[in-house]
Every structure is written in C-alpha cells, then in structure tokens.
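Going down the list, the sequences are from chains A and B.
Mapping the first sequence onto our numbering, position 99 (from 1) lands on 99, and the numbers just tick up by one.
Mapping the second sequence onto our numbering, position 61 (from 1) lands on 162, and the numbers just tick up by one.
All C-beta atoms in this analysis are idealised placements derived from N, C-alpha and C, irrespective of residue type, glycine included.
The block underneath contains the structure these notes are about, expressed in structure tokens.
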Amino acid sequence: MDNLNSYLFVSAVLFSLGLFGVITRRNGVAVLMGVELILNAANVNFLAFARFGGMNMAGHVYALFVIVLAAAEAAVALAIIINIFNNFKTINVDDVSELRQ
Amino acid sequence: MVDIVFWIIVGITIGSAFMVVQSKSLLYSAYALLFTFVGVTGLYVFLWADFLAVVQIVVYVGGILVLIIFGIMLTNKITSVNISHASVQKGIGGVVVLGIIGVLGYMVFITPWNQLAATEPEQTSATIGRLLMMDYLLPFEVASLLLLGALIAATTLSRKEN
Numbered sequence: 001m002d003n004l005n006s007y008l009f010v011s012a013v014l015f016s017l018g019l020f021g022v023i024t025r026r027n028g029v030a031v032l033m034g035v036e037l038i039l040n041a042a043n044v045n046f047l048a049f050a051r052f053g054g055m056n057m058a059g060h061v062y063a064l065f066v067i068v069l070a071a072a073e074a075a076v077a078l079a080i081i082i083n084i085f086n087n088f089k090t091i092n093v094d095d096v097s098e099l100r101q
Numbered sequence: 102m103v104d105i106v107f108w109i110i111v112g113i114t115i116g117s118a119f120m121v122v123q124s125k126s127l128l129y130s131a132y133a134l135l136f137t138f139v140g141v142t143g144l145y146v147f148l149w150a151d152f153l154a155v156v157q158i159v160v161y162v163g164g165i166l167v168l169i170i171f172g173i174m175l176t177n178k179i180t181s182v183n184i185s186h187a188s189v190q191k192g193i194g195g196v197v198v199l200g201i202i203g204v205l206g207y208m209v210f211i212t213p214w215n216q217l218a219a220t221e222p223e224q225t226s227a228t229i230g231r232l233l234m235m236d237y238l239l240p241f242e243v244a245s246l247l248l249l250g251a252l253i254a255a256t257t258l259s260r261k262e263n
C-alpha cells in the first residue's frame, strides 16, 4: 500500500472494467455506469500522483473538478436517456441511432 | 495489518466493479456500483484525501447513484420483475480489455516513477479552499457556469412538452 504502482494498477483495472461496460452494455444507464467507473479510475490516479508524485494538493483540486464534471454529466445523461425512453420506448443504444423517430 | 485492510479494500473495489459490468440485472449493477464507490473512498483515505473521501460519498453515493437508480426505475416498467440488460460481444470485448489491462499494467510496473517522499498534509480542506480561491479561481468559476448549464439543460430536456 506504500508505493505508487499498486494504486496505478488498481486504477488501470478499474478503467478497463469501465471500458468493458461501455463497449459491451447496450442499456444506456449501464453505459453511464461504465463511464462513472472510468472517471473514478482517473480520480484514483490523480490522488495517487498527488501523494507520491509531488502533485500535492493540486491533485486534490483536479479530482474535485472531475467529481463536479461527473455530477453534471450524470444529470444531463439521465435526462437524455429518459427523453429517449419517452420517444422510442427503449434505451437500447443500438436502436436509437436515428435522430428522428 | 494496514496492508491487509488495503488489499481487502482493493478486492471490494475490483470485485464489485466486475459485478457492475457483469451482472445480468441492472439493479444489481447499481448496488454493486455502490460498493465500488465505497471502495474507491477507502482508497482515497489511504491516499490522505480525507476531504475528497467525504465528497465522494456525498456526491457519488448520495447524488449520482440515486440519479442512476431513478433512471433505472423510470425507464423500466416497475411491474417487470426482471430488469435485465443484455451484453453484446462479450468475448471480443473481454479480449480487448484484458489486453488493455496487460499493456497498462506492464507500463505501470516498468516505468521508473519519480516518487517523492511526501509528508501527510496538515489540513486538506483548508488548503483545497485556498487553492480554489487563488490558483484555480478561473476553473472554479467555469465549473460553476457548467453546473448552471447542466441544471438548466437537464430540466429543459426532461420536461414534458405540451
């Protein structure tokens, strides 16, 4: 727990699992969950470099901005998904490739 | 002892993240996401980021996860017991993702990272506040504009037209 590598590796695994969710899930909400995993992986990296790499408190500020962006992104994405569901009656991202109904 | 706790937290994080992308039921995925967020919070504590750990719990578990569960409930018929969601191309996706883990892990372990012997910060939240108000004032204001935009966009998008 006292070296940078273990944190970076955990973050890499988290990122890859999030990517797996994004590319294999077809449900819009599930894709959003994958994106959240990826953002969390990025945050772990920021804080790991903040502690071990000399980024110090700047890393904490960047992680804070990532959390703010994640919150805004989740709100807008869910509004879009609910809109898509009202229009298409499905949230399968493969079925909604058209801009009009 | 601390080592064991660290690896338990890593196990919870990775295991529940795997459940998130693997589970057949969307609601189980959402609950597993809760444990992933809590595990990541534990990692933050190990990284001396106590303020961000609290923010993570408040924003992710209290905000984003609730939003996601709302999204699941609103986009499925509540009477349908099995809120399932199919995955496609799991084989190819798994191979690609394993490759990415391999490349990233190899990169992490062969790179000679320049590690500094840092000392534990005395006060995190005060320093973060000072940085936000001095060095990062412009990004801070831009973030507030972005939040306002997201707020208006979300309400406009989800309002029923009549």
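Residue i, buried or exposed, once every other Cβ within 10 Å from all chains shown has been counted against 16
i	result
residue 89/A	exposed
residue 243/B	exposed
residue 2/A	exposed
residue 177/B	buried
residue 36/A	buried
residue 133/B	buried
residue 255/B	buried
residue 114/B	buried
residue 215/B	exposed
residue 12/A	buried
residue 16/A	buried
residue 33/A	buried
residue 140/B	buried
residue 224/B	exposed
residue 180/B	Bear in mind that a pLDDT of 48 at residue 180/B, under 50, signals an unreliable position, so the number given afterwards is only what the model happens to contain. Exposed.
residue 150/B	buried
residue 31/A	buried
Selection from the options that minimises the alpha carbon distance to residue i
i	options	result
residue 239/B	77/A, 61/A and 92/A	61/A
residue 193/B	87/A, 2/A, 25/A and 86/A	25/A
residue 201/B	9/A, 2/A, 3/A and 4/A	9/A
residue 257/B	66/A, 28/A, 96/A and 77/A	77/A
residue 246/B	72/A, 21/A and 84/A	72/A
residue 222/B	95/A, 47/A, 23/A and 87/A	47/A
residue 5/A	51/A, 16/A and 91/A	51/A
residue 38/A	56/A, 66/A and 58/A	66/A
residue 137/B	217/B, 165/B, 152/B and 151/B	165/B
residue 168/B	63/A, 29/A and 64/A	29/A
residue 124/B	145/B, 191/B, 161/B and 153/B	191/B
residue 55/A	218/B, 260/B and 255/B	218/B
residue 74/A	252/B, 144/B and 213/B	252/B
residue 220/B	53/A, 79/A, 84/A and 95/A	53/A
residue 146/B	27/A, 7/A, 80/A and 87/A	7/A
residue 27/A	96/A, 98/A, 99/A and 91/A	91/A
residue 14/A	250/B, 103/B and 144/B	144/B
residue 174/B	57/A, 82/A and 59/A	82/A
Range covered by the alpha helix (DSSP H) that runs through residue i
i	result
residue 24/A	4-24
residue 234/B	225-234
residue 145/B	127-147
residue 256/B	238-259
residue 215/B	Per DSSP, residue 215/B belongs to no alpha helix (DSSP H) and is neither H nor E.
residue 99/A	Element bounds for residue 99/A: n/a, residue is neither H nor E.
residue 114/B	103-123
residue 174/B	166-175
residue 151/B	151-157
residue 55/A	Per DSSP, residue 55/A belongs to no alpha helix (DSSP H) and is neither H nor E.
CB contact below 8 Å: residue i versus chain D
i	result
residue 132/B	Absent here is chain D; the protein component of the structure consists of chains A and B.
If contact is defined by three or more beta carbon pairs under 8 Å, each pair taking one atom from either stretch, is the region 35-44 of chain A in contact with the region 206-222 of chain B?
no
Counting beta carbon pairs with one atom in the region 102-112 of chain B and one in the region 123-135 of chain B, are three or more of them shorter than 8 Å?
no
Three-pair Cβ contact test at 8 Å for the region 14-25 of chain A versus the region 113-120 of chain B:
yes
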